[in-house]
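Data block below; observations after.
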Amino acid sequence: MRPAHSFGPDRPLAVVAGRLATGLLDVTADLTALDSAGFWAVVVGFEGDVTCARFADVRPAVPWPGPAWVGPPRDAWRSSLDEAGFKAGVQRIREVIAAGGVYQVNLTRRLSAPATPEMSIPALGAALAEGNPAPFSAVVHLPGHGVHVASASPELFLARDGDRVRSSPIKGTAATRDGFLAKDTAENVMIVDLVRNDLGRVCEWGSVRVPELLHVEPHPGLFHLVSTVEGTLRPGLGWAEAISATFPPGSVTGAPKISACSIIDVLEPVPREIYCGAIGWVDADRVRGDLNVAIRTFWIEENTLNFGTGGAITWDSTPLG
112 MRPAHSFGPD
122 RPLAVVAGRL
132 ATGLLDVTAD
142 LTALDSAGFW
152 AVVVGFEGDV
162 TCARFADVRP
172 AVPWPGPAWV
182 GPPRDAWRSS
192 LDEAGFKAGV
202 QRIREVIAAG
212 GVYQVNLTRR
222 LSAPATPEMS
232 IPALGAALAE
242 GNPAPFSAVV
252 HLPGHGVHVA
262 SASPELFLAR
272 DGDRVRSSPI
282 KGTAATRDGF
292 LAKDTAENVM
302 IVDLVRNDLG
312 RVCEWGSVRV
322 PELLHVEPHP
332 GLFHLVSTVE
342 GTLRPGLGWA
352 EAISATFPPG
362 SVTGAPKISA
372 CSIIDVLEPV
382 PREIYCGAIG
392 WVDADRVRGD
402 LNVAIRTFWI
412 EENTLNFGTG
422 GAITWDSTPL
432 G
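Structure (structure tokens):
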């Protein structure tokens, strides 16, 4: 995960899929650029803000002995929703479910702490890679464009290999392999159905399938229920159409997606921004790429270090306390 050299705070870079990308060529908000040429790092915020950065040099990322990450003290963190506010949000969602307005909603909050100039996103990404390795981890550091993101995401939002696309939503988390509840299974199946519908908007008729349902996947300290949905893109469609049809990721919105997003807009006091969006890479020359679901993700903005957290609320959810 760590590059072989120490990089200054003003040098753009991305670390994605085990590769270090440097030599920034251009930056655009146009997703159609991902079907042009070159190697791109991609960041899409939950509200739809897009940053696509093309790099000239891509090589394997290997460990480096650079400065260690030093974060804010524990008592510096503040939450966008306090305990009472979060409980009220859970109860409100249950009321909407009871009225038939929605099946589940992902309710989140943002944790924020002051960021100092010494806080390095690449160093944080390296620390996450060592302490919490994740299959879809990513670091994107673009000082001239205000993008400073380090993600330890375990979840695939959208992958593409030629005309084949797939998504692997995670719903259900347990401390042991056999510790999942009926609620976890119900959440996962609901989101699989949502993702099937999303991919069906851009895939050839009859090509959307679910090759893996409710697979138990081990991660450091816990287990996830993961399903995979895949399909074949219709001729003439590319990254822009695929992302538009499937974004934001259904696993972090709820079902139905439009209704869930409307409730999120009301109950969450601040925008999610990077959190619950998508981060990843695209090799336009080879028509391949992976975008994660931007969970377990830190970002720095306006001298503030941010981290989002949340979970799916269903009728069976109970606010504890």
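The numbering used here puts the sequence shown at residues 112 to 432.
Backbone N, C-alpha and C define an ideal beta-carbon position, used for all residues, glycine too.
Environment of residue i [buried if 16+ CB atoms lie within 10 Å]
{"i": "Asp469", "result": "Nothing in the structure corresponds to residue 469, since the chain is present only between 112 and 432."}
{"i": "Ala125", "result": "buried"}
{"i": "Arg113", "result": "Summary for Arg113: the model assigns pLDDT 37, below 50, so the residue's position carries little reliability, and this model does not support an answer."}
{"i": "Val201", "result": "buried"}
{"i": "Val161", "result": "buried"}
{"i": "Leu234", "result": "The amino acid occupying residue 234 in the given sequence is Ala; Leu does not appear at that position. When all chains shown are included, Ala234 counts as buried."}
{"i": "Ser248", "result": "buried"}
{"i": "Val216", "result": "buried"}
{"i": "Pro346", "result": "exposed"}
{"i": "Pro123", "result": "buried"}
{"i": "Trp151", "result": "buried"}
{"i": "Ala261", "result": "buried"}
{"i": "Ala195", "result": "exposed"}
{"i": "Ala140", "result": "exposed"}
{"i": "Pro359", "result": "buried"}
{"i": "Arg185", "result": "exposed"}
{"i": "Leu192", "result": "buried"}
{"i": "Gly290", "result": "exposed"}
{"i": "Gly159", "result": "exposed"}
{"i": "Ala210", "result": "exposed"}
{"i": "Ile267", "result": "Here residue 267 is Leu; the residue named in the question, Ile, does not match the sequence. Its Cβ being crowded by 16 or more others within 10 Å, Leu267 is buried."}
{"i": "Gly422", "result": "exposed"}
{"i": "Ala293", "result": "exposed"}
The ligand MN heavy atom lying under 6 Å from the CB of residue i
{"i": "Val393", "result": "This structure simply doesn't include the ligand MN, nor any ligand for that matter."}
Nonlocal neighbours in the same chain, by C-beta distance under 7 Å from residue i, ignoring five residues either side
{"i": "Arg203", "result": "Leu378"}
{"i": "Gly129", "result": "Pro171, Ala172"}
Nonlocal neighbours in the same chain, by C-beta distance under 6 Å from residue i, ignoring five residues either side
{"i": "Gly349", "result": "Asp146"}
{"i": "Val138", "result": "Ala164, His256"}
{"i": "Arg407", "result": "Ala263, Ser264"}
{"i": "Ser190", "result": "Arg220, Leu222"}
{"i": "Ala238", "result": "Trp180"}
{"i": "Trp188", "result": "Leu222, Ala224"}
{"i": "Val169", "result": "Arg130, Ala132, Phe150"}
{"i": "Pro382", "result": "Glu158"}
Proximity of residue i and residue j at Cβ, strictly below 7 Å
{"i": "Pro280", "j": "His330", "result": "no"}
{"i": "Asp274", "j": "Leu344", "result": "yes"}
{"i": "Leu325", "j": "Leu336", "result": "yes"}
{"i": "Asp121", "j": "Pro254", "result": "yes"}
{"i": "Trp410", "j": "His252", "result": "no"}
{"i": "Gly134", "j": "Phe166", "result": "yes"}
{"i": "Ala371", "j": "Val155", "result": "no"}
{"i": "Gly361", "j": "Leu269", "result": "no"}
{"i": "Ile424", "j": "Leu218", "result": "yes"}
{"i": "Ala351", "j": "Leu142", "result": "yes"}
{"i": "Ala148", "j": "Asp394", "result": "no"}
{"i": "Gly391", "j": "Ala405", "result": "no"}
{"i": "Arg277", "j": "Val327", "result": "no"}
{"i": "Trp426", "j": "Ile232", "result": "no"}
{"i": "Glu323", "j": "Ser338", "result": "yes"}
Enclosing alpha helix (DSSP H) for residue i [first to last residue]
{"i": "Cys372", "result": "368-378"}
{"i": "Gly242", "result": "232-242"}
{"i": "Phe197", "result": "194-209"}
{"i": "Arg307", "result": "293-311"}
{"i": "Ser355", "result": "350-357"}
Residue i, enclosing beta strand (DSSP E) - first and last residue
{"i": "Glu341", "result": "333-343"}
{"i": "Asp272", "result": "267-272"}
{"i": "Ala262", "result": "The sequence shown places Ser at residue 262, rather than the Ala named in the question. Looking at the DSSP string, the run of the beta strand (DSSP E) that includes Ser262 is 258-264."}
{"i": "Ala423", "result": "415-424"}
{"i": "Arg275", "result": "275-279"}
{"i": "Trp316", "result": "Looking at the DSSP string, Trp316 is not in any beta strand (DSSP E), and its letter there is neither H nor E."}
{"i": "Asp121", "result": "No beta strand (DSSP E) contains Asp121, which DSSP labels as neither H nor E."}
{"i": "Phe157", "result": "Taken as a continuous stretch (DSSP letters only), Phe157 belongs to no beta strand (DSSP E), as it is neither H nor E."}
{"i": "Gly391", "result": "389-394"}
{"i": "Val250", "result": "247-253"}
{"i": "Ser223", "result": "215-225"}
Same chain only: Cβ atoms within 8 Å of residue i, ignoring 5 sequence neighbours per side
{"i": "Phe356", "result": "Going by the sequence as given, residue 356 is Ala instead of Phe. The residues are Asp309, Leu310, Arg312, Val313."}
{"i": "Arg307", "result": "Val319, Val321, Val340"}
{"i": "Phe197", "result": "Leu218, Arg220, Pro430"}
{"i": "Asp295", "result": "Lys282, Gly283, Thr284, Ala285, Leu336"}
{"i": "Asn52", "result": "For the chain, the structure presents residues 112 to 432; residue 52 sits outside this window and is missing."}
{"i": "Asp272", "result": "Val398, Arg399"}
Are at least three pairs of beta-carbons, each pair with one atom in the segment 412-426 and one in the segment 217-226, less than 8 Å apart? yes
Given 8 Å, three or more beta-carbon pairs between the segment 298-314 and the segment 358-370: yes
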